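Numbering-wise (the numbering used here), the sequence shown opens with residue 201 and increments by one.
No residue lacks a Cβ here, since even glycine has one placed at the ideal position from N, Cα and C.
Since the structure is predicted, the reported quantities are computational estimates derived from the model, not experimental observations.
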Amino acid sequence: MVITGGSSGIGRETALQLARAGATVAVLGRHEGRLADTVAEITAEGGQARHLLCDVKDAEAVRAAAETVERWFGRIDTWVNNAGVLVYARFEETTPAEFLRMMEIDFLGQVHGAQAALPALRRAGGGALISISSVEAVTTLPLHSAYAASKRAVEGAMMGLRRELRDQHDPISVTVIRPAVIDTPGYNATRSHLAFRPSAPPPYYAPSVVAACVLYAAEHPVGELFAGGSGRWISLLQRTSPRLLDAVFGRWGVRMMHTAEPSRPRPGNLAAPSAFMQPGGLPRRGRSWSVSTALALRPGLRRVGVLALAATTLATAVRLGRKIRPDMRIRQ
Numbered sequence: 201m202v203i204t205g206g207s208s209g210i211g212r213e214t215a216l217q218l219a220r221a222g223a224t225v226a227v228l229g230r231h232e233g234r235l236a237d238t239v240a241e242i243t244a245e246g247g248q249a250r251h252l253l254c255d256v257k258d259a260e261a262v263r264a265a266a267e268t269v270e271r272w273f274g275r276i277d278t279w280v281n282n283a284g285v286l287v288y289a290r291f292e293e294t295t296p297a298e299f300l301r302m303m304e305i306d307f308l309g310q311v312h313g314a315q316a317a318l319p320a321l322r323r324a325g326g327g328a329l330i331s332i333s334s335v336e337a338v339t340t341l342p343l344h345s346a347y348a349a350s351k352r353a354v355e356g357a358m359m360g361l362r363r364e365l366r367d368q369h370d371p372i373s374v375t376v377i378r379p380a381v382i383d384t385p386g387y388n389a390t391r392s393h394l395a396f397r398p399s400a401p402p403p404y405y406a407p408s409v410v411a412a413c414v415l416y417a418a419e420h421p422v423g424e425l426f427a428g429g430s431g432r433w434i435s436l437l438q439r440t441s442p443r444l445l446d447a448v449f450g451r452w453g454v455r456m457m458h459t460a461e462p463s464r465p466r467p468g469n470l471a472a473p474s475a476f477m478q479p480g481g482l483p484r485r486g487r488s489w490s491v492s493t494a495l496a497l498r499p500g501l502r503r504v505g506v507l508a509l510a511a512t513t514l515a516t517a518v519r520l521g522r523k524i525r526p527d528m529r530i531r532q
């Protein structure tokens with residue numbers, strides 16, 4: 201299995217969880233030291249892993265990395281496109297160069313990964329191509345215009361690819377995973393044009409919630425998964441009540457990202473890996489569970505929940521019926 205952006209956050213946690221599940225893992229990224237740390241932790245637990253320096257915006261480098269991993273392990277049956285960056289800025293203050301860089305890394309990086317992975321997945325007889333997208337592919341937070349645009353582009357490309365593979369009868373699944381707000385070190389590394397240190401609207405989830413979705417998608421050919429229940433509900437509101445979300449995020453969106461701490465000057469991780477990768481970029485640590493995600497990943501549990509809800513509803517209706525029936529008798 202191959203994971204891009206495997207040196208921290210979602211990528212690192214996914215690599216650890218996949219290795220614990222028995223997978224042989226290759227982690228790709230731009231920071232040699234942190235990649236080596238991920239591999240060292242996996243091998244210390246008895247797993248098998250290797251790392252490779254690779255910048256996903258370089259199509260040839262990604263293709264060469266895929267060939268190297270295939271030589272190492274003999275095959276690639278799962279590829280996870282995870283590498284990504286973020287810019288906090290108002291639309292008018294985001295430079296054209298920053299928009300371009302975001303698209304190169306967050307969008308074209310996934311295109312390069314998919315195009316490098318597909319031949320290897322076919323040689324393996326099929327497999328899973330998994331794209332870490334975002335709930336912002338469905339609805340956009342203020343100050344995230346460039347990020348949301350890149351994620352919408354990713355999902356458009358992956359939807360087209362999924363349908364083409366089905367037309368060709370290729371045994372390759374394409375899954376997009378939409379994380380909500382995930383507590384990763386990336387919040388300490390992001391570039392910002394703001395006067396305050398930015399945060400994100402709660403609730404916050406741990407990277408393990410996303411990793412659980414990746415493990416599921418590697419074995420089940422699903423089209424999309426939400427990592428974190430808040431993402432599912434916000435997406436539902438976007439479809440059913442977009443004007444309400446416009447009002448909510450228009451009035452409180454920036455406030456929910458505001459902190460009292462002044463912004464610290466730093467270049468961010470657009471051009472190169474950032475040295476500011478300490479955890480704790482959000483006000484609180486992310487929760488390691490999501491009821492909505494757990495139900496999505498356990499269809500049997502979901503069916504039990506539906507049956508329990510139906511039974512409760514029926515019992516309530518019967519009780520109400522018994523209370524109402526005497527008052528409805530027709531007097532002779």
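Residue 326 versus residue 459 - alpha carbon distance: 47 angstroms
Close-in-space but distant-in-sequence residues of the same chain around residue 141 (CB under 7 angstroms, 5 per side omitted): The question about residue 141 has no answer here: the residues shown for the chain are numbered 201 through 532.
Residues of its chain near residue 433, where Cβ-Cβ distance is below 6 angstroms and the 5 sequence neighbours each way are ignored: Nothing listed; no residue qualifies.
Pairwise C-alpha distance: residue 493 and residue 373: 20 angstroms
CB of residue 239 within 8 angstroms of CB of residue 227, strictly: yes
Residue span of the beta strand (DSSP E) that contains residue 278, given as start and end: The continuous beta strand (DSSP E) containing residue 278 extends over residues 278-281.
Environment of residue 333 [buried if 16+ CB atoms lie within 10 Å]: Counting the other CB atoms within 10 Å of its CB gives residue 333 a total of 16 or more, which places it among the buried residues.
Beta-carbon separation (whole angstroms), residue 207 vs residue 384, contact threshold 8 angstroms: 11 angstroms between Cβ atoms; not a contact.
Beta-carbon proximity check, residue 430 vs residue 380, cutoff 8 angstroms: With contacts defined as CB atoms closer than 8 angstroms, residue 430 and residue 380 qualify as a contacting pair.
DSSP three-state assignment for residue 252, whether helix, strand or coil: strand
Supposed contact pair residue 378 and residue 338 - C-beta distance, whole angstroms, cut 8 angstroms: 7 angstroms
Simplified DSSP assignment, three categories, for residue 293: Of the three classes helix, strand and coil, the one that applies to residue 293 here is helix, per DSSP.
Limits of the unbroken beta strand (DSSP E) element including residue 327: Its beta strand (DSSP E) spans residues 327-332.
Rounded distance between the beta-carbons of residue 272 and residue 317, thought under 8 angstroms: Actually they are not in contact, since the Cβ atoms of residue 317 and residue 272 sit about 15 angstroms apart, beyond 8 angstroms.
Residue burial classification, residue 491 (beta-carbon count within 10 angstroms, cutoff 16): exposed
Span separating the alpha-carbon of residue 412 from that of residue 213: 10 angstroms
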